[in-house]
Amino acid sequence: MIGEEEEEDARIPISQRPEWADVRPVPQDDGPNPVVPIAYTDEFSETMDYFRAVYLADERSPRALQLTKEAIFLNSGNYTVWQFRRLILEALNADLCAELNFVNQIARENSKNYQIWHHRRWVAEKLGSEVASKELEFTKEIFSQDAKNYHAWSHRQWVLQALGGWEDELAFCDELLEDDIFNNSAWNQRYFVVTRSPLLGGLDAMRDSEVAYAVKAILAKPENESPWRYLRGLYKNDIKSLVNDPRVASVCLDVLTDKRNLVHALNMLLDLLCNDYQPSNEMKDAVDGVAPESNPPGTNLVERVCSVLIMVDPIRANYWEWRKSTVCVQD
Amino acid sequence: MADMRATKSQEEQWMVQNQVFRIYDLVYRLPPHAQSVNFELRRENHIEYLTKSLKQLGPSFSVLDANRPWLCYWIMHSIALLGDCVDDELENDTIDFLQRCQDPNGGYGGGPGQMPHLATTYAAINTLITVGGHRSLSSINRKKLYAFLLRMKDSSGGFRMHDGGEVDVRACYTAISVASVLNILDERLIQNVGDYIVSCQTYEGGIAGEPGSEAHGGYTFCGLAAMVLINEVNRLDLPGLINWLVFRQGVECGFQGRTNKLVDGCYSFWQGGVAAIVQRLHLMVNEQLGLPNTFKYDCKTESDDDSSNSDGESYSEGASSPLNDICEPIQEGQSNASPPTESNNIGYNFIKGPIGMRPIFNSMALQQYILLCSQEEAGFRDKPGKRRDHYHTCYVLSGLSVCHYSNTKEADSPPLPGHVMGPYSNLLEPVHPLYNIVLDRYHDAYKFFARS
């Protein structure tokens, strides 16, 4: 067998390899005047010409498997090659653990490609729950480079749901959030675990402690949008309970009193007020305290909150104007 | 205290925003003439970059060898947005090339001989519509394409990208979009796809690629546009989606794709397009907010006097406005029994009539980011420090077009100069926000496929 380094150093053209002597390469049918023509290297053209030959002949052989590997190294985004590779793997009843190692190698080089992750999912599904921890470990390795890799997170969620491995997932979220509390992908994962883990009893069982967790994160960094959205999400489809949880209004008040990084607190307060929250005098004073000049006397608190937002959050002024106009109609 | 050290997200954010602020600072300190040059759209340069690429690409593009219809779309759509078109020969070459990508059993692959794929099918169809004309539009085998779409339908209601491929919201959108624009959308294709997309709206308000994943600009566009096209958009939490959306525009003035991620020019369209769609959903938004149907937050206040109603039609405001007549059937058409012809008019009716709501995002700020930070001498990029590419050129320009028309009352009426940043000659062609096709090309295709 040819070693990896050797392969790189001295590539023997396929046309000179004895095992391919019987195959006639099939050139790409680009026509006489193709648009977006790519100046392929000789290696690329030749590899794809031979790929087309085995693909058209539907040759599911070891040499065809090897060829798909070479083609994938040249362009890991070619879904036709990946799909054909899966057919070959099945036909040959190939060792899928080795396949996983191959995908590891590719994914480390290019971790933002749909085909790689889809293939990985296919392989892992065939191998079953015994590879669950290995798969979780692999995504963790990707996160060490890019903690927000969308494909890796999707894969991780699929692994948990299809193969299991929920035991340490909340702790894993803790770990990532401890490292970077602004990592919204980790917050999203936390929500996923809290709502879907079979071990935690679901959102109802977890809500109370999660509210506390979110509040703590907000107080540490009120400018961080993630815990605000998370807090809101804990009461998804149950806005009344959001309004009735005193900790929600309280965290808004704390941030407003501090007079810094107000936007998310005001956004939350606006939602509360639009859902029959009865503000305390303290809350009213806090709102008036942040921007007294923006509030003409006699307007109600909802409008005042919108006015403050228009002033302190100019990039979203259009949106706050719209919100203001909708609350005026509702009154 | 550990809390005091900046996290990786913060460090990256600060680096980018400082770079962006430096650019703004530099430009705003220039004398007036020098300053205004910076706000000019370098139209000729962009067209040259795009046209050259249509004719030849270097070896590094081998990684996009399975995306060639995308390259066609990114380039042709960009050129169309810039109000130009390529010569007849190149148009014919494009039609011929895409013909070679069309699979005998329907759909288009990433290159000649490749398996058909939903995303490249979408790119090919949008390119052919952008090229336009009988030869181009009649090159599409709609019967076979319908069979391909049906074959891609998954038991979940969603679509998979290709035989043995992944199921996600992108696949749903590309399938529904091409079916709609080609007038082949029917109940079998629509069935349960709404359930799948609804299950992808996250606690944040945006839409994810798959159930459980993180809300994301690209998928939010795909999910929202698909839901409009199948007449089920009122199943989404629209106020929640809007709130998430507006928070994606940041201090850099451009859009980010996800919460606490970096700004990226391509989201000018993915998020800006969502904003453009939302502006036409005001009746449904009102309904979800419990507001009366007559409530309007429209563009009349500032631009009414300008009266860009070139066709002489004038609308009275309120319940009798033609807008309600157009939108109400959509709103009520929730029943499963809607005949296929009706679903195929949704995209058309959607852009007919006045826009019901003023923009909810900051169009001027976004234009500033696009012109000063995304624009290169030729082509557009993600952000300063990145290199231009065709994908970003296409979606940044699409986003700029959305900005230009975000304050107009009608989809194709000319905006006021005050709504176009830089010289008025920066003005781009308007797009249909559900398909991202230049509006007049869309109309030609609509007529063509309505009679066949």
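These protein sequence lines map, in sequence, to chains A and W. Anchor point for the first sequence: position 12 equals 12 in the UniProt record's numbering, and the numbering is continuous, going up by one each time. Anchor point for the second sequence: position 39 equals 39 in the UniProt record's numbering, and the numbering is continuous, going up by one each time. Cβ atoms here follow ideal geometry from the backbone N, Cα and C, with glycine treated the same way. Computed from a prediction, not measured in an experiment: that's the story for all the values here.
* Asked: Should the stretch 135 to 153 of chain W be regarded as contacting the stretch 195 to 203 of chain W, the criterion being three or more beta carbon pairs within less than 8 Å?
  -> no
* Asked: From the beta carbon of residue 307(W), is the nearest beta carbon of chain A less than 7 Å away?
  -> Position 307 of the second sequence, counted from the first residue, corresponds to residue 307(W). Residue confidence for residue 307(W) is low, a pLDDT of 38 falling below 50, so the modelled location carries little weight; the figure read from the coordinates is stated next. So, not an interface residue.
* Cα-Cα separation, residue 294(W) to residue 242(W) -> Numbered from 1 along the second sequence, position 294 holds the residue referred to as residue 294(W). Numbered from 1 along the second sequence, position 242 holds the residue referred to as residue 242(W). Taking the straight line from one Cα to the other gives about 20 Å.
* Out of curiosity, what's the CA-to-CA distance linking residue 378(W) and residue 368(W)? -> Taking the second sequence and counting its residues from 1, one reaches residue 378(W) at position 378. Taking the second sequence and counting its residues from 1, one reaches residue 368(W) at position 368. If you take the alpha carbons of residue 378(W) and residue 368(W), they lie about 17 Å apart.
* Proximity winner among 263(W), 41(W), 58(W) and 427(W), relative to residue 12(W) (alpha-carbon distances) -> Taking the first residue of the second sequence as position 1, residue 12(W) is located at position 12. The shortest C-alpha separation from residue 12(W) is found at 263(W).
* To do: Using beta-carbon positions only, say whether residue 176(A) and residue 186(A) come within less than 7 Å of one another.
  => Residue numbering aside, residue 176(A) sits at position 176 when the first sequence is read from its first letter. Residue numbering aside, residue 186(A) sits at position 186 when the first sequence is read from its first letter. Yes, Cβ-Cβ distance for residue 176(A) and residue 186(A) is below 7 Å.
* Contact with chain A by residue 326(W), beta-carbon distance below 7 Å -> Your numbering for residue 326(W) matches position 326 in the second sequence. For residue 326(W), the predicted model reports a pLDDT of 33, less than 50, meaning its position is unreliable and no value from the coordinates is stated.
* To do: Go ahead and label residue 279(W) buried or exposed: buried means 16 or more other beta carbons lie within 10 angstroms of its beta carbon, across all protein chains shown.
  => Here the question's residue 279(W) lines up with position 279 in the second sequence. Label assigned to residue 279(W): buried.
* **Residues near residue 335(A) in its chain [Cβ-Cβ closer than 7 Å; skip 5 each side]** => The structure shown has nothing for residue 335(A), since chain A only spans 1 to 331.
* **Selection of the stretch 391 to 418 of chain W by Cβ proximity to chain A, strictly under 7 Å** => none
* To do: Might you give, ordered along the chain, the residues of its own chain that have their beta carbon closer than 8 Å to the beta carbon of residue 229(W), omitting 5 neighbours on each side?
  => To locate residue 229(W), count along the second sequence from 1; it is residue 229. Same-chain partners within the cutoff: 176, 177, 180, 185, 343, 346, 347 and 434.
* **Counted within 10 angstroms of its Cβ, other Cβ atoms place residue 17(A) as buried (16 or more) or exposed** => In the first sequence, the residue the question calls residue 17(A) occupies position 17. Under this definition residue 17(A) is an exposed residue.
* Limits of the alpha helix (DSSP H) - the one that residue 66(A) falls within -> Taking the first sequence and counting its residues from 1, the one referred to as residue 66(A) is at position 66. Unbroken alpha helix (DSSP H) run through residue 66(A): 62 to 74.
* Asked: Cβ of residue 260(W) less than 7 Å from any chain A Cβ?
  -> The residue given as residue 260(W) occupies position 260 in the second sequence. With 7 Å as the cut-off, residue 260(W) counts as an interface residue toward chain A.
* To do: State the CB to CB distance for the pair residue 462(W) and residue 255(W), rounded to an integer number of angstroms; the pair is presumed to be in contact (CB under 8 Å).
  => No answer is possible for residue 462(W): it lies beyond the span of chain W, which begins at 1 and ends at 452.
* Asked: Can you list the alpha helix (DSSP H) stretches of 4 or more residues lying completely in the stretch 9 to 81 of chain W, in chain order?
  -> 32 to 38, 43 to 55 and 68 to 81
* Would you please state the rounded distance, in angstroms, between the beta carbons of residue 34(A) and residue 361(W)? I believe it to be under 8 Å. => To locate residue 34(A), count along the first sequence from 1; it is residue 34. To locate residue 361(W), count along the second sequence from 1; it is residue 361. Actually they are not in contact, since the Cβ atoms of residue 34(A) and residue 361(W) sit about 40 Å apart, beyond 8 Å.
* Asked: DSSP on residue 143(W), reduced to helix/strand/coil?
  -> As a working mapping, residue 143(W) is identified with position 143 in the second sequence. In the structure shown, residue 143(W) sits in a helix (DSSP, three-state: H, G or I).
* Between the Cα of residue 349(W) and those of 414(W), 395(W), 231(W) and 394(W), spot the shortest distance and give me the residue it belongs to. => Numbered from its first residue, the second sequence carries residue 349(W) at position 349. It is 231(W).
* To do: Give a yes or no on whether the minimum CB-CB distance between residue 182(A) and chain W is below 7 Å.
  => Within the first sequence, residue 182(A) is the residue found at index 182, counting from 1. Output row for residue 182(A): interface = yes.
* Asked: Hey, is residue 12(W)'s beta-carbon within less than 7 Å of any beta-carbon in chain A?
  -> For the purposes of this step, residue 12(W) is taken as the residue at position 12 of the second sequence. No, residue 12(W) does not count as interfacial toward chain A.
* Asked: Would you say residue 112(W) reaches chain A, if we count a Cβ-Cβ gap shorter than 7 Å as a contact?
  -> Translated into the one-based positions of the second sequence, residue 112(W) becomes position 112. Yes, residue 112(W) lies at the interface with chain A (some Cβ there is under 7 Å from its Cβ).
* Asked: What residues of chain W sit near residue 155(A), judged by a beta carbon separation below 9 Å?
  -> On the first sequence, residue 155(A) is found 155 positions in, with the first residue counted as 1. In chain order: nothing, as chain W lies at least about 10 Å away.
* Asked: From the beta carbon of residue 203(W), is the nearest beta carbon of chain A less than 7 Å away?
  -> In the second sequence, counting from the first residue as 1, residue 203(W) sits at position 203. By this cut-off, residue 203(W) is an interface position.
* Alpha carbon to alpha carbon, how far is residue 219(W) from residue 173(W)? -> The residue labelled residue 219(W) in the question sits at position 219 within the second sequence. The residue labelled residue 173(W) in the question sits at position 173 within the second sequence. Near 9 Å, if we compare the C-alpha coordinates of residue 173(W) and residue 219(W).
* Provide the residue span of the alpha helix (DSSP H) that contains residue 37(A), from first to last. => Numbered from its first residue, the first sequence carries residue 37(A) at position 37. Counting along the chain, residue 37(A) falls outside any alpha helix (DSSP H), and DSSP gives it neither H nor E.
* Asked: To the nearest angstrom, how far is it from the Cα of residue 76(W) to the Cα of residue 190(A)?
  -> Mapped onto the second sequence, residue 76(W) falls at position 76. Mapped onto the first sequence, residue 190(A) falls at position 190. Roughly 42 Å between the two C-alpha positions.
* Could you check if residue 168(A) is buried or exposed, using at least 16 other CB atoms within 10 Å of its CB as the buried criterion? => Position 168 of the first sequence, counted from the start, is the residue given in the question as residue 168(A). Exposed: under 16 other Cβ atoms inside 10 Å.
* With distances taken Cα to Cα, identify the nearest neighbour of residue 98(A) among 269(A), 181(A), 306(A) and 127(A). => Locating residue 98(A) in the first sequence gives position 98, counting from the first residue. Of the candidates 269(A), 181(A), 306(A) and 127(A), the one whose C-alpha sits nearest the C-alpha of residue 98(A) is 127(A).
* Return the residue from the list 384(W), 420(W), 383(W) and 392(W) that minimises the CA-CA distance to residue 401(W). => For the purposes of this step, residue 401(W) is taken as the residue at position 401 of the second sequence. Out of 384(W), 420(W), 383(W) and 392(W), 420(W) has the C-alpha closest to the C-alpha of residue 401(W).
* Under 8 Å by Cβ, that's how I've got residue 110(W) and residue 66(W) pegged, so tell me the actual separation to the nearest angstrom. => Mapped onto the second sequence, residue 110(W) falls at position 110. Mapped onto the second sequence, residue 66(W) falls at position 66. Confirmed, Cβ separation roughly 3 Å.
* Cβ contact check for the stretch 282 to 296 of chain W and the stretch 425 to 439 of chain W: 3 or more pairs under 8 Å -> no
* chain A contact for residue 223(W) (CB, 7 Å cutoff) -> For the purposes of this step, residue 223(W) is taken as residue 223 along the second sequence, with counting starting at 1. No - not a single Cβ of chain A is within 7 Å of the one on residue 223(W).
* Asked: Among 46(W), 415(W), 36(W) and 113(W), which one has its Cα closest to the Cα of residue 57(A)?
  -> Here residue 57(A) is taken as the residue at index 57 of the first sequence, counted from 1. The residue with the shortest Cα to Cα distance from residue 57(A) is 113(W).
* Contact residues within the stretch 237 to 266 of chain W, judged by C-beta distance below 8 Å to chain A -> 242, 243, 244, 246, 247, 249, 250, 251, 253, 258, 259, 260 and 261
* Determine the burial state of residue 15(W): buried for a count of at least 16 other Cβ atoms within 10 Å of its Cβ, exposed for fewer. => Position 15 of the second sequence, counted from the first residue, corresponds to residue 15(W). By the 10 Å Cβ count, residue 15(W) comes out exposed.
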